[in-house]
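Presented below is the structure to which this report refers.
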Amino acid sequence: DTGVSQDPRHKITKRGQNVTFRCDPISEHNRLYWYRQTLGQGPEFLTYFQNEAQLEKSRLLSDRFSAERPKGSFSTLEIQRTEQGDSAMYLCASSRQMIQETQYFGPGTRLLVL
Amino acid sequence: AQKVTQAQTEISVVEKEDVTLDCVYETRDTTYYLFWYKQPPSGELVFLIRRNSFDEQNEISGRYSWNFQKSTSSFNFTITASQVVDSAVYFCALSVFADNFNKFYFGSGTKLNVKP
Chain A
1 DTGVSQDPRH KITKRGQNVT FRCDPISEHN RLYWYRQTLG QGPEFLTYFQ
51 NEAQLEKSRL LSDRFSAERP KGSFSTLEIQ RTEQGDSAMY LCASSRQMIQ
101 ETQYFGPGTR LLVL
Chain B
115 AQKVTQAQTE ISVVEKEDVT LDCVYETRDT TYYLFWYKQP PSGELVFLIR
165 RNSFDEQNEI SGRYSWNFQK STSSFNFTIT ASQVVDSAVY FCALSVFADN
215 FNKFYFGSGT KLNVKP
């Protein structure tokens, strides 16, 4: 299997700018997840898609964040009007739709907001 | 509420030493899954193992072994004869079924430094 891929791997932006990240899951996986990881912490759940439907959003996902998975394949995560507090690693994971599911993670996009 | 605690923030060992990474979890669910992931400096979380709550058998895979004890809500990870390539941050995670999907809760990670 080709693993989960994310693009870009690194992003530096100025406060107030919009940024968009892309995630390509493992091809036969219909579940896709976004997580945020800050320094010294474990990943925190942001949102979840089953096929193209966004079924769950964390309270961490403010109104400035939006995620899409238009055709049930790749997904995008957009942050509008970025703030310095948005600086983090954004991780994408995918899994099959199974009772015992293992989430497989991509390499992440490291965002720095100046 | 679900919670995973990895009390060891950072551990340093010399190559060939054995090292155990601790993980304690909290959940009221009777069905759950426990995971260990490795995060090398490149950033990608690499899946190592999954156990379900009904299977307390310990597992060994090469130099890696896992000790699951429901009585103490622990799922500890031991690396035998550590190597420099084992240097990474290791995360323990708990997964419970809620809102029609398996939600993951991660600990804060243990950074393992293996020195030559």
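Residue numbers (the working numbering), protein chains in the order written: chain A, 1 to 114; chain B, 115 to 230.
No residue lacks a Cβ here, since even glycine has one placed at the ideal position from N, Cα and C.
Here the structure is a predicted model, which means the values were calculated and not measured.
When the Cα of residue i is compared with those of the options, which residue comes out closest?
i	options	result
B/G223	B/S167, B/Y204, B/N214	B/Y204
A/E52	A/R69, A/M89, A/A88	A/R69
B/S188	B/G176, B/V160, B/T141	B/T141
A/A67	A/L60, A/E28, A/S58, A/E78	A/E78
A/Q84	A/D7, A/G3, A/K14	A/K14
A/Y104	B/K117, B/A207, B/S126	B/A207
A/T47	A/E101, A/S94, A/G40, A/L114	A/S94
B/L159	A/Q50, A/Y35, A/H29, A/Q54	A/Y35
Starting from residue i, find everything on chain B with Cβ-Cβ shorter than 8 Å and list it in chain order.
i	result
A/R31	F215
A/T38	Those within 8 Å of A/T38 in chain B number zero; the least Cβ separation is about 10 Å.
A/T102	F149, F161, R164
A/L114	Going along chain B, no residue has its Cβ under 8 Å from A/L114, so there is no contact; the nearest lies around 20 Å.
Quick check: residue i and residue j, are their CB atoms within less than 8 Å of each other?
i	j	result
A/R9	A/T109	yes
A/I12	A/L112	yes
B/V138	B/I193	no
A/C23	A/S75	yes
B/L233	B/Y146	Summary: the structure shown does not reach residue 233 of chain B, with chain B confined to residues 115 through 230, and so no result is reported for it.
B/A115	B/D136	no
A/G42	B/F149	no
B/N172	B/N166	no
A/Q17	A/A88	no
A/A5	A/G72	A quick correction: the sequence has Ser, not Ala, at residue 5 of chain A. Cβ atoms of A/S5 and A/G72: not closer than 8 Å.
B/S209	B/N227	no
A/F45	B/F218	yes
B/E89	B/V198	An answer regarding residue 89 of chain B cannot be provided, because it is not within the stretch 115 to 230 covered by chain B.
A/R31	B/F215	yes
B/D143	A/E56	no
B/E170	B/K152	no
B/E131	B/S196	yes
B/R164	A/Q100	yes
Which residues in chain A sit within 8 Å of residue i, going by Cβ to Cβ distance?
i	result
B/S156	P107
Please list the partners that residue i has in chain A, where partner means a Cβ-to-Cβ separation under 9 Å.
i	result
B/S222	G40, Q41, G42
B/F168	The contacting residues do not exist; B/F168 stays about 11 Å from chain A at best.
Taking Cβ-Cβ distances shorter than 9 Å, what residues in chain B pair up with residue i?
i	result
A/L111	Under the 9 Å cutoff, chain B gives no residues; its nearest Cβ is about 12 Å from A/L111.
What residues of chain A sit near residue i, judged by a beta carbon separation below 7 Å?
i	result
B/F218	F45, Q103
If the cut-off is 8 Å on Cβ atoms, which residues from the segment 40-56 of chain A count as contacting chain B, listed in chain order?
Going along the segment 40-56 of chain A in chain order, one finds G40, Q41, G42, P43, E44, F45, Y48, Q50, L55, E56 with a Cβ nearer than 8 Å to chain B.
Short of 7 Å Cβ to Cβ, which residues in the segment 59-83 of chain A face chain B?
Listed by position along the chain: nothing, the set is empty.
When Cβ atoms are compared, which residues of the segment 201-212 of chain B fall closer than 7 Å to chain A?
Flagged, chain order: F205.
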